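First up is the structure itself, then whatever we jot down about it.
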Amino acid sequence: MRFERREDVSLTALLVAPFAAVAAALLLCAGLIAMAGVSPWVAYAEMLKGAFGSRLAITETFTRASPLILTGLAAAVAFRARLWNIGGEGQFYMGALAAAALGHATVTALPLPLAWAVLAGAGMAAGALLLLVPAILRLRFGVDEVVTTLLLNFVVLLFVGLMVEGVLKDPMAFGWPQSVPVAAGLRLPDLVPRSRLHVGIVLAVVVVLVVWLVQSRTVFGAETRAAGLNPRAAAFAGVPLTATLVKVAALSGGLAGLAGVIEVLGPVGYVTTTMSPGFGYAGIVVAMLAALHPLGVVAASVFVATIFVGADAMSRATGVPSFIADVIMSVALLAMLAALLFTTYRVRR
Amino acid sequence: MTDPLPVLELDGITKRFGALTANDDVSLSLQKGEVLALLGENGAGKTTLMNILFGHYAADAGEVRVAGKPLPAGTPRAAIAAGVGMVHQHFTLAGNLTVLENIVIGAQPLWSTSLNRDAAAARIRDLSATFGLPVDPDARVGDLSVGERQRVEILKALYRDARILILDEPTAVLARPEAEQLFRILRGMAQGGLSIIFISHKLHEVMGASDRVVVLRGGKVVAERRTAETNPAELAELMVGRAVARPKRQAHEAGPPVVVARGLSVSHGGGMALDHVDFDVREGEILGIVGVSGNGQAMLGRVLSGLARPVGGTITFQGRDIGRLTPRQAVRMGIGRIPEDRHAEGVVGDLAVWENAVLERLDEVSRWGFVRRAAAKERAAALIRRFDIRGAGPETRTRLLSGGNMQKLILGRNLAAGPRFLLANQPTRGLDEGAIAAVHSELLQARAEGAAILLISEDLDEAVGLSDRLQAIVKGRLSEPIPAEEADARKLGLMMAGVWAAPQGVSHAV
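Residue numbers (UniProt numbering), protein chains in the order written: chain A, 1 to 349; chain B, 1 to 510.
Right, here's the structure in full:
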C-alpha cells in the first residue's frame, strides 16, 4: 500500500472532509459513551438538546462560539503561514488582562466607541506582543515556536494569577481571585435580551470577513500564502519572509488577544484564571476542522461550542462525565488530520 | 546465431491512469550481459514501465517474465527475489544512517536482533571492489556526494543479488565526469554478466553507453535499434516524432558591457564560494559559465538574484552597484532571473499559474494593497499565449505543469518585461529535447533584442551552442573568457579542470 499525491485537491473533498471527521469522531466516542452505561443515541440527543433545545441553550452555544471564532481564526492565520502558534490560550489571557487593566478607570474618560477601540487595540497589542517574542526567536535563532508558544501559555496563566491576586485584585469579591470589573458602561450590549449573548459574535464574524478579504485579495495575503507554501520560491520572487512572518504573528496574536477583550467586555466582565475553558487550545481544533479557511472557522466554532455546551447538559442528564467533550474534540481533530491526508493523497495498492 | 533465452521479457504491458494510457502494449526483452537504453521524452511512459517491472504498479494487461518465469504483479519483493534491482531517480536512502545500514535495511530478516556488521561490511567491500564502486561502508549517507549516494543505491541492489539492474534517469543528478564514470562502471557490470536497463532522454548518453535502444513515445514502443546502427539525429526524431533541431546562434556585434564584476568575492560556510571573480556581460551577448557542479555556480546565481551579499569586489549593472539589492529591487531595475531549481525556487507549485506569473511584480498589478486579479490573470493569459505554455490556464495549479511548460512560465515572466540583463541558471536542466529547443530559441531571441545574458550551465553542448564567450568556474574562481569559436572539448576540459593561462596584468596575490 502506498500514498500517491492527488493531482488536485477537489473542493468537494475539502468540504466533505470536516463532516466525515466529525461523523467519525461521534461514532468512535459512541463506544466510550456506551461503556459508561448510557445509550449513545440518548446521550447525543441530550447533547443536541443541551446545545439547541431552548432559547437559553442556543444563546449559550453562540456565546461560547464567539471567542472560539477569534482564537480559531488566530490559529488558522498563523498555520497558513507555517507559523505554529500553539499559544492562543496565553494570547487570549493577555488580551483579557489588558482590557481589565485599562477598562475600569482610564477609559471611562473617553466616549464609548473610542473607549472600545482603545481597549480592543490594547488587547490586540498585548496578544500580538506575546506571539512576536517566539516568532522573532524563531526567525533569529531558529527556536521552535511550538515549544515556546506552548510554554508561554503557562507563564501567562501564572502572570494572570499574580495580577488578580495582587495589583488588579477586586477588593469587593470576598477574597475570590478575580480582577476589578470593567466599568459597567463599557460592557458590550446584549444581542438577545435576558441572555449572555452579546454583540461580540457579530464583531467576530465581521473580523472573519475582513481577514478573509485580506487573505484572498491583498498583496499581503498573496505574499503570506506564497511564503507558507514555498518559502524559498517566495524569497526568490522577492517576498520579504521575515517581515511577512512578523506581520502574520502580529495578526494572529492580535486576534487571540481580541478574543480575550471581547470575553471580558461581553459575558464575564472581569478576569479570572479560569475564565477560559481552553479557548486557545480549542482554537487549534477549530482551525484544523475549518481546513484553515476563515469562513470554515465560523462553522467549526459553532460545532465545538455545541459539543462543549451540549456535553455539560448531557452530563447532567445522563451522568456521562462531561470530559467526553474534550475526547470528542480531540478525536475530531485526529480524524480531521486523517481526512486532510486523504484529500491530498490517494491510497494505491 | 540463436538467441539464448532472454533474462527479462515484458510482454504486452498496458497501464492506464484514468483517461491517460501511460503504457500501451509495450513489449521488450533483455539479454544477459546487455545494456539496454530506454529512450523517450518526459511523459513517454518510461518510468511507469520500469515501476511495473519492479512491482510498484500492477499492469492492467501484459506479463513480466524473468528467465522465462512470469513475475507476480505488484510486489517489489517478488521482483527483488527474482534478481531485479532498481535505482530510482530520487534516491531512497536515509541520510542519518551509514552506508552499511542503508544497504542491509530490508535485506535483513525482521526478527534477527543483531546485525552481523563485519560480514555485511566485508560483503559490501567485496562488491565495491568487484564492480569498481568505491564507498566507505561506515560513512554517514548524509555526508556523501550525490555521485557516492548513487553508488550506494547500486550497491544496495547488488547486495540483494540483483542480476538485472534498472536505473531511472541515472545521470539527472550527476555532472558529466561523474556520469561518464557511472557508464564505465555499468559497462563493466554488463561484462561481468549483469543485464542493465537505463532510462534516459539524453541522446549522447544513449549513443555512448548502450548496446541497444528502445524508443518510447506516447506510451508506445516506436522503434528499436542496435546502437551501432543508428545515430543521434534519427533517435531524436524517433523520440520527438518530428525532426527537431536546437536553434543556432547567429553572429552579431555585442554592445557595451551591462553587468561588470571586478574581484567579486562571496564567502560561504567559512570558505570562499566566489573568490575574486571578474566578468563582463555585454549588450546582446550570452556569456556562458561552464564547470562541474558545486564550484560556485549556485553562489554566483544567488548574488545576481539578490539573495547573497558579496564580501569583496564590485558588481555593477549599467554602472550602478547591485551587490546589495533585494530580489524585488533587482526585478524593478530590469534584471531577469531564472533560478537553478524551478520547483524549489522558481514557482510556488500550489499557487495558480496567474499568481506565479505576477509574484515578482505584485506591485505592478495592485492598487491600495489589493491585487487587481483581473489584470493579473490577463497578464498570465498573455504569457501563456506568447510563450506557448501548454496545458494551462491562468487558474491551473502550477504544480500540474510539465517541467518544460513550468520553465516557459518562468522565462516568460522574466522576458515579458524586456530585461536588460538575464541570469539563466541551468535553464534546461531536466527538460526534454522539444522544451530545450523552445527555451534556447527564447534566450537567443532575448539576445537579439539586446539583453545581456549570463548563462550558467553544466551542459557543455548547450553552453557552447548558445554562448558568445565562455568562462569556466573552478573552486569559486573564474577563468579568462574565450570566444565560443575557440572552444573545443580539450580546451574546455582543461579549463574546467582549473588549467588556464594566468590572467594578464594584476594577479591576485594572497
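The beta-carbon is built from N, C-alpha and C at its ideal position, and this holds for glycine as well.
Note that the structure is a prediction, hence the values are computed from the model and not measured.
Item, Value
"7 angstroms Cβ cut-off: residues of chain B touching A/Gly238", "Thr326, Pro327, Arg328, Val331 and Glu360"
"8 angstroms Cβ cut-off: residues of chain B touching A/Leu229", "Val348, Gly349, Asp350 and Leu351"
"Own chain residues within Cβ distance below 6 angstroms of B/Val506, not counting five before or after", "In this prediction, B/Val506 has a pLDDT of 43, which is less than 50 and means its spatial position is unreliable; what the coordinates show is noted afterwards. Around B/Val506: no qualifying Cβ."
"Burial state of A/Ser39, where buried means 16 or more other Cβ atoms lie within 10 Å", "exposed"
"DSSP three-state assignment for A/Met172, whether helix, strand or coil", "coil"
"Beta carbon of B/Pro137 nearer than 8 angstroms to that of B/Ala121", "yes"
"Cutoff 8 angstroms: A/Val219 Cβ touching any chain B Cβ", "yes"
"Members of the stretch 62-79 of chain A near chain B, C-beta cut-off 7 angstroms", "none"
"7 angstroms Cβ cut-off: residues of chain B touching A/Ala222", "Glu355, Leu362 and Val371"
"Cβ neighbour criterion (16 or more within 10 Å) applied to A/Ala135", "buried"
"Segment contact flag, the stretch 204-216 of chain A with the stretch 278-290 of chain A, C-beta cutoff 8 angstroms, min 3 pairs", "no"
"Whole runs of the alpha helix (DSSP H) within the stretch 184-231 of chain A, excluding any shorter than 4 residues", "200-217 and 219-229"
"Close beta carbons around B/Ala209, own chain, < 6 angstroms, minus the five adjacent residues each side", "Phe183"
"Exposure label - A/Val167; buried when at least 16 CB within 10 Å", "exposed"
"Chain B contact for A/Arg140 (CB, 8 angstroms cutoff)", "no"
"Cutoff 8 angstroms: B/Ala344 Cβ touching any chain A Cβ", "yes"
"Start-to-end residues for the beta strand (DSSP E) that takes in residue 518 of chain B", "As shown, chain B starts at 1 and ends at 510. That puts residue 518 of chain B outside it, with no answer to give."
"CB contact flag (B/Leu492, B/Val213, <8 angstroms)", "no"
"The stretch 30-46 of chain A in contact with the stretch 263-276 of chain A per 3-pair CB rule at 8 angstroms", "no"
"Cutoff 6 angstroms; reference B/Val510; Cβ partners in own chain excluding five residues on either side", "Confidence is the limiting factor: at B/Val510 the pLDDT is only 39, short of 50, which leaves the residue's position unreliable and the question unanswerable from this model."
"Unbroken beta strand (DSSP E) run spanning A/Phe92, endpoints", "A/Phe92 -> not in any beta strand (DSSP E); alpha helix (DSSP H) instead, spanning Gly88 to Leu102."
"Under the three-state DSSP convention, the category B/Thr314 falls into", "strand"
"Assumed close pair B/His343, B/Gly349 - CB separation to whole angstroms, cut-off 8 angstroms", "7 angstroms"
"Beta-carbon contacts of B/Leu36 that lie in its chain and below 6 angstroms, excluding the five residues immediately before and after", "Leu30, Ile197 and Arg212"
"Top-ranked residue by Cα proximity to A/Gly278, from A/Arg64, A/Ala128 and A/Trp84", "A/Arg64"
"For A/Val147 and A/Gly161, the rounded distance between their alpha carbons", "22 angstroms"
"Neighbourhood of B/Ile322 by C-beta distance below 6 angstroms, restricted to the same chain and skipping five residues each side", "Ile315"
"The stretch 76-91 of chain A in contact with the stretch 244-253 of chain A per 3-pair CB rule at 8 angstroms", "yes"
"Per DSSP, cross-strand counterpart(s) of B/Phe198", "B/Ala37 and B/Leu167"
"Through-space distance from B/Val292 to B/Leu167, alpha-carbon basis", "22 angstroms"
"Residue span of the beta strand (DSSP E) that contains B/Leu454, given as start and end", "Ala452 to Ser457"
"Where A/Thr274 falls: helix, strand or coil (DSSP)", "coil"
"Straight-line Cα distance separating B/Ile105 from B/Pro134", "20 angstroms"
"Beta-carbon gap between B/Arg65 and B/Leu71 smaller than 8 angstroms", "yes"
"Completely contained alpha helix (DSSP H) runs for the stretch 198-278 of chain B, where each covers 4 or more residues", "203-209 and 232-240"
"A/Ala233 and A/Glu223 closer than 8 angstroms at C-beta", "no"
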